[in-house]
Each structure stands twice: as C-alpha cells, then as structure tokens.
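Q:
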Amino acid sequence: MSTQIAMEPRASYDHAICAACGGECCRRMAGACSPADIARLFPAADLRSSVLLALRSGRYAVDWWEAEPLIPFVRAAVKGHEGRLHHPAWAGECTFFNGGCELSDDDRPHQCRILRPRENGECEMPPGYESKLAYAEMWGATGIDLMEIGLDLSGASSDESGTEGGDEDGHAE
Ligand code: SF4
Ligand code: SF4
C-alpha cells in the first residue's frame with residue numbers, strides 16, 4: 001500500500017468526445033474522490049471534518065475496496081442513494097449526472113478529471129489509477145477511519161454490511 005497522497009494530475013477532458021458519448025461512464029458509476037478533492041470542496045479545520053461535511057451534503061458516500069480488511073474511499077453518491085454514508089455500490093448512475101455533469105470541470109472527482117476520453121469508447125485511466133484501489137490507498141494514507149466516521153452523524157443512514165449491501169453488478173474498476 002502506498003503511503004502518500006497522490007499528486008493531482010491535470011484534467012484530461014475532451015468535452016466533444018464526451019458530449020457525443022452522452023456520459024456512459026457517469027451512468028455506470030459515480031467518480032471516486034481524492035482526499036484533496038474533499039479538502040478543497042469542503043474547507044474545514046482538518047480533512048476529517050471536511051469528509052463529514054461532504055457526507056452531510058448527501059452527495060458523497062464512503063465505498064470500499066474489497067479486501068481484508070476493507071479499504072474505504074470517498075466517491076460521489078449514486079443517484080437514489082443520496083444521504084447514505086456507507087454505500088458499497090457496484091454500479092449506478094452518479095448523483096451529479098443530469099444529462100451532463102452538474103459540477104464544474106475543476107470540482108469533479110479526481111477520477112473523473114483524469115479519465116481520458118477516447119472516440120472509440122475505450123476511455124482509459126492513466127497508469128496507476130486503473131482501479132478504485134488507487135483511491136482506497138490514497139484514503140488509507142490519510143489515517144482517517146472512514147468506516148467509523150459516519151457514526152458521528154445522527155439521522156443519516158449507513159450500510160456497513162460489506163459486500164452483501166452492494167447494488168447492481170460489477171464494481172467499477
Ligand atoms: S469519458 Fe468516455 S465514457 Fe465517459 S462520457 Fe467521456 S467518452 Fe463517454
Ligand atoms: S461527478 Fe460528474 S463527471 Fe464524475 S461521474 Fe459524476 S456526473 Fe460524471
């Protein structure tokens with residue numbers, strides 16, 4: 001497992017290709033966030049507080065890489081599951097997808113910013129980011145216990161039942 005928060009690669013958008021595609025990736029799964037994404041979008045005294053703000057917004061959730069133990073990370077929420085703190089989804093449309101992305105180019109999750117669109121539909125992640133494990137490792141390096149963090153929030157739902165709580169099929173990689 002890496003011990004550093006990965007640097008932020010520059011965005012690799014090609015809006016023309018994505019407009020023609022219609023957002024297949026966004027309809028398939030919500031993008032994973034880096035710790036820096038959450039710190040920037042939800043300014044607070046520390047990263048843990050930023051994560052709490054993100055979760056309280058209902059538009060972000062904790063998912064995890066299936067390992068022993070589970071390795072959690074933060075991603076955008078899946079549509080219809082907004083407000084769930086821990087949501088081990090395998091697929092589902094992103095909460096921010098509404099014919100296009102609601103978020104500005106800069107505010108989109110790290111995974112969305114670095115995905116390289118291809119006209120043939122074989123869009124690709126840069127080396128080192130091919131799976132959600134890269135995001136799980138980034139979050140693991142922060143030392144924040146994302147599996148317990150939601151327990152601070154009253155009145156919000158949480159599903160910590162592991163793989164049995166997953167939705168639909170095929171965890172986005
Ligand atoms: S990145 Fe690829 S799959 Fe996603 S909207 Fe653009 S062309 Fe479509
Ligand atoms: S945040 Fe925007 S770009 Fe990323 S998956 Fe959601 S709708 Fe798509």
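As numbered in the numbering used here, residues 1 to 173 make up the sequence shown, in order.
Glycine included, each C-beta is placed from N, C-alpha and C at the ideal position.
For Tyr13, which option in His110, Glu148, Gly92 and Leu133 has the closest C-alpha, if you only look at C-alpha atoms?
A: Translated into the one-based positions of the sequence shown, residue 13 becomes position 13. It is His110.
Q: Is Pro126 near Arg116, with beta carbons less than 9 Å apart?
A: As a working mapping, residue 126 is identified with position 126 in the sequence shown. As a working mapping, residue 116 is identified with position 116 in the sequence shown. Result yes, Cβ atoms of Pro126 and Arg116 sit closer than 9 Å.
Q: Give me, in chain order, the residues of the same chain whose beta-carbon lies closer than 6 Å to that of Lys79; leave out the 5 immediate sequence neighbours on both sides.
A: The count along the sequence shown starts at 1 and reaches residue 79 at position 79. Once the five neighbours on either side are set aside, the close Cβ partners of Lys79 are Glu93 and Thr95.
Q: Ala32 by DSSP, collapsed to three states: which one?
A: Mapped onto the sequence shown, residue 32 falls at position 32. Looking at Ala32 - three-state DSSP - the assignment turns out to be strand.
Q: If we count Cβ pairs, one from each stretch, closer than 8 Å, do we get three or more for the stretch 42-62 versus the stretch 14-27?
A: The answer is no - the stretch 14-27 does not touch the stretch 42-62, with fewer than three Cβ pairs under 8 Å.
Q: List the whole-angstrom C-beta distance separating Tyr60 from Ala67, where the pair is believed to meet the contact cut-off of C-beta under 8 Å.
A: By one-based count along the sequence shown, residue 60 stands at place 60. By one-based count along the sequence shown, residue 67 stands at place 67. Tyr60 to Ala67, Cβ: 22 Å. No contact.
Q: Taking all protein chains shown into account, decide if Ala16 is buried (16 or more other Cβ within 10 angstroms of its Cβ) or exposed.
A: Position 16 of the sequence shown holds residue 16. Exposed is the call here.
Q: For a test of the three-state rule: what should DSSP assign to His110, helix, strand or coil?
A: Looking up residue 110 in the sequence shown gives position 110. His110 falls in the helix class under three-state DSSP.
Q: Roughly how many whole angstroms lie between the Cα atoms of Ile144 and Asn98?
A: One-based indexing of the sequence shown puts residue 144 at position 144. One-based indexing of the sequence shown puts residue 98 at position 98. If you take the alpha carbons of Ile144 and Asn98, they lie about 32 Å apart.
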